[in-house]
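The structure appears right after this line, and notes come after that.
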Amino acid sequence: MAFRVLIVDDSPAMRSFVKRVLELSGFEMGACLEAGNGSEALDLLNQEWVDVILTDINMPVMNGEEFVQQVSQNESLRNVPILVVSTDRTEDRVRQMMALGAKGYVKKPFQPEELREKLEQVLGVAYATN
Amino acid sequence: MQQIDVDLQQIFLESASEVLETMFFTGIESEAGSDLPVPQVSAELVFRGVQSGKFGVQVPLETGQQIAANFLGADEVTSPQVDEVLCELCNMLCGSVLSRLEAGARFELLHPEVDPNNLSWHNRLDAVGYTFGLDEGAITLWMVLDEPGVGVPAV
Numbered sequence: 012m013a014f015r016v017l018i019v020d021d022s023p024a025m026r027s028f029v030k031r032v033l034e035l036s037g038f039e040m041g042a043c044l045e046a047g048n049g050s051e052a053l054d055l056l057n058q059e060w061v062d063v064i065l066t067d068i069n070m071p072v073m074n075g076e077e078f079v080q081q082v083s084q085n086e087s088l089r090n091v092p093i094l095v096v097s098t099d100r101t102e103d104r105v106r107q108m109m110a111l112g113a114k115g116y117v118k119k120p121f122q123p124e125e126l127r128e129k130l131e132q133v134l135g136v137a138y139a140t141n
Numbered sequence: 054m055q056q057i058d059v060d061l062q063q064i065f066l067e068s069a070s071e072v073l074e075t076m077f078f079t080g081i082e083s084e085a086g087s088d089l090p091v092p093q094v095s096a097e098l099v100f101r102g103v104q105s106g107k108f109g110v111q112v113p114l115e116t117g118q119q120i121a122a123n124f125l126g127a128d129e130v131t132s133p134q135v136d137e138v139l140c141e142l143c144n145m146l147c148g149s150v151l152s153r154l155e156a157g158a159r160f161e162l163l164h165p166e167v168d169p170n171n172l173s174w175h176n177r178l179d180a181v182g183y184t185f186g187l188d189e190g191a192i193t194l195w196m197v198l199d200e201p202g203v204g205v206p207a208v
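If you read the protein sequences in the order shown, they are chains A and B. According to our numbering, the stretch in the first sequence is residues 12 to 141, in order. According to our numbering, the stretch in the second sequence is residues 54 to 208, in order.
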């Protein structure tokens, strides 16, 4: 199965890095959509279906907290698992994002394998690596 | 200020090693380098929390280009890409440093910005900075606290 992924981050460089890491890790990616903040991501999600969302927290216009909250409260989006990817390492922050509806949390910097493993967890699947 | 110097050198070293090795595929070659060659590129951000201040990173242009190429998996990179990657590096390094300075404390990191003037940390009042040698050149990390010395753990 190839997964449709949405990467939400205000840094184009970070989006590019995450996409590359997923490709290199053997993650079966059918499509990779990108958004620069939560608001752009919600607009995209109104038009496109995705299997999983990776989001930063600290973003302009709409930050990750509000984005996760809005997805979790949206009837048609609430089942899409969200993985938070952030430089904020505090357990308080992790608990807060999970309480808002995120299914996983990866702290930057991260090893490529760690990102893949967390994605496996939130998607509830396992797959073979190359 | 001296206490901050001693503490921050080790913290900067640990953070730079962790971040650069994990996500930028390079590493610290020596603990203390010399002044950076020119031209340089630099990025900085404001942080707020139990301690507030500014954090910055500065590298020679060639080092910045190599780090950006490593991060993006590209053979060649544009100037805007170097700036973007440097901002991301600054963000990650600051998060790593603050988590070591004040474990468990919440900080707000504002959006990093490229410093068009490439102002050296030497010219910033009360700033503390250290330069480390890299496989690809060198890197300087600097920090200035609004209230220097407050809450900084002794080594």
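Using N, Cα and C, we set each Cβ at its ideal position, and we do this for glycine too. Note that the coordinates shown come from a computational prediction; the quantities given were computed from them, not determined experimentally.
Exercise. Do Ala52/A and Val19/A have their C-beta atoms closer together than 8 Å?
Worked result: yes
Exercise. From the DSSP output, which residues share a beta bridge with Val197/B?
Worked result: Lys107/B
Problem set entry | Gln93/B, DSSP secondary structure in three states | strand
For this session: Specify the secondary structure class of Ala113/A as computed by DSSP and reduced to three states.
Result: coil
For this session: Scan the stretch 148-163 of chain B for residues whose Cβ lies nearer than 9 Å to a Cβ of chain A and list them as they occur along the chain.
Result: Gly148, Ser149, Leu151, Ser152, Ala156, Gly157, Ala158, Arg159, Phe160, Glu161, Leu162 and Leu163
For this session: Note down, in chain order, each residue of its chain lying with its Cβ closer than 7 Å to the Cβ of Thr131/B, except the 5 sequence neighbours on either side.
Result: none
Exercise. Rounded to the nearest angstrom, how far is the Cβ of Leu94/A from that of Gly115/A, given a contact under 8 Å?
Worked result: 4 Å
Problem set entry | Spatial distance of Pro165/B from Leu114/B (CA atoms) | 18 Å
Exercise. Which partner residues does Thr184/B have in the DSSP bridge list?
Worked result: Thr193/B
For this session: Under 7 Å between beta-carbons, which chain A residues line up against Gly134/B? List them in chain order, please.
Result: Reading off the sequence shown, one finds Gln at residue 134/B, where the question assumed Gly. Here the neighbours are Ala24.
For this session: Residues of the stretch 70-81 of chain B with a CB closer than 7 Å to any CB of chain A: list them in chain order, please.
Result: Glu71, Val72, Thr75 and Met76
Exercise. Where Glu97/B and Leu194/B are concerned, what is the direct C-alpha to C-alpha distance, given to the nearest angstrom?
Worked result: 10 Å
Problem set entry | Continuous alpha helix (DSSP H) stretch holding Arg127/A: start and end | Pro123 to Leu134
Problem set entry | Nearest-angstrom Cα separation, counted from Asn171/B out to Asp179/B | 17 Å
Problem set entry | Coarse secondary structure for Gly75/A, derived from DSSP in three states | helix
Exercise. CA-CA distance, Lys129/A and Pro23/A?
Worked result: 22 Å
Problem set entry | Alpha-carbon spacing of Val16/A relative to Val63/A, whole angstroms | 5 Å
For this session: Indicate whether at least one CB of chain A lies closer than 8 Å to the CB of Gly126/B.
Result: yes
Problem set entry | Between the CA atoms of Phe65/B and Met73/A - distance to the nearest angstrom | 31 Å
Problem set entry | Sub-8 Å separation of Met12/A and Glu39/A beta-carbons | yes
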